[in-house]
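Visitor: Residue numbers (my numbering): 104 to 306.
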């Protein structure tokens, strides 16, 4: 079961999906995409890399817990809106044209600046981290070359009833059966009987 997942898996799989289905929107989610939604330090490369949107070719990142974002994105795409028009959904990161940048947006140092200046990297990180509250958070912008990456404010948390509905869904609570012949997934062993006390990670 070792070495079956490539480094930067979200980027690799997103590129493959775009190559196979170039007209199909690709929306990344999960911890890998969430933590790389802006320019970020990459341990494998030992350098600052651009937003995962740039390297992956994806159209959008859904960060945090994505239930509401997924419903909104699916409904708007089903209604015929192009993915490029979905620039106002909370809990998402997308490209935006300069003329559509929302009022009140916070701009952090560009990718090029943070890649060459550690102090600018720290300022950028603090700027977007300070906007992670669903009540007070503002949109955050970071320039990458001639493109603008916009992080919309976080999506409000699920209500208790919504969270209960999520946890009554019939999750498999196991890895895919194809891993059985490979000895399973070792990482499951340390959490198999754990009790969940929070969702996701602070990132």
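Here a beta-carbon is modelled for each residue, glycine too, at the ideal position from N, C-alpha and C. Please read these numbers as outputs of a predicted model, since none were measured by experiment.
(1) Pairs of beta-carbons, one from the stretch 280 to 287 and one from the stretch 205 to 225, closer than 8 Å: are there three or more?
(2) Whose C-alpha, out of 267, 281 and 279, is nearest the C-alpha of residue 302?
(3) Contact defined as beta carbons within less than 8 Å: I believe residue 209 pairs with residue 241. What is the distance between those atoms, to the nearest angstrom?
(4) Pull up the distance between the alpha-carbon of residue 215 and that of residue 254, whole angstroms please.
(5) What residue from 238, 257, 189 and 124 has the CA that sits closest to residue 169's CA?
(6) Below 8 Å on the Cβ atoms is my guess for residue 164 versus residue 190; work out the distance and round it to an integer in Å.
(7) May I ask which residues mark the beginning and end of the alpha helix (DSSP H) holding residue 172?
(8) When we look at the beta-carbon of residue 211 and count the other beta-carbons within 10 Å, is it buried (16 or more) or exposed?
(9) Let me know the secondary structure DSSP gives residue 189 once reduced to three states.
(10) Tell me which same chain residues have a C-beta within less than 8 Å of the C-beta of residue 265, skipping the five on either side of it?
(11) Would residue 150 and residue 218 qualify as a contact pair, given that the criterion is a beta-carbon distance under 9 Å?
(12) Residues in its own chain within less than 6 Å of residue 186 by CB, not counting five upstream and five downstream?
(13) Could you pull out every unbroken beta strand (DSSP E) segment of at least 3 residues lying fully inside the stretch 112 to 147, listed in chain order?
(14) Work out the CA separation of residue 202 and residue 306 for me, nearest whole Å.
(15) Do residue 205 and residue 238 have their beta-carbon atoms positioned less than 9 Å apart in this structure?
(16) Can you give the beta carbon distance from residue 159 to residue 117, rounded, assuming they're within the 8 Å contact cut?
(17) Does DSSP put residue 224 in a helix, a strand or coil?
Guide: The structure says:
(1) With the cut-off at 8 Å, the stretch 280 to 287 and the stretch 205 to 225 do not touch.
(2) The shortest CA-to-CA distance from residue 302 to any of 267, 281 and 279 is the one to 267.
(3) Right, the Cβ-Cβ distance comes to about 5 Å (below 8 Å), so this counts as a contact.
(4) Taking the CA atoms as reference points, residue 215 sits about 18 Å from residue 254.
(5) Checking every option, the nearest Cα to that of residue 169 belongs to 257.
(6) Taking 8 Å as the upper bound for CB-CB distance, residue 164 and residue 190 are not in contact here, some 12 Å apart.
(7) Here the alpha helix (DSSP H) through residue 172 covers 170 to 181.
(8) Residue environment for residue 211: buried (at least 16 other C-beta atoms within 10 angstroms of its C-beta).
(9) Coil, per DSSP.
(10) Here the set comprises 170.
(11) Cβ distance < 9 Å, so residue 150 and residue 218 count as in contact.
(12) Result list for residue 186: 128 and 162, in chain order.
(13) Complete beta strand (DSSP E) runs here, min 3: 143 to 145.
(14) Interpretation of residue 306 is limited by its pLDDT of 49, a score under 50 that renders its predicted location unreliable; the figure taken from the coordinates is listed afterwards. Taking the Cα positions, residue 306 is about 29 Å away from residue 202.
(15) No, the Cβ-Cβ distance between residue 238 and residue 205 is not below 9 Å.
(16) Indeed they touch by this definition, with Cβ atoms about 4 Å apart.
(17) Reduced to three states, the DSSP call for residue 224 is helix.
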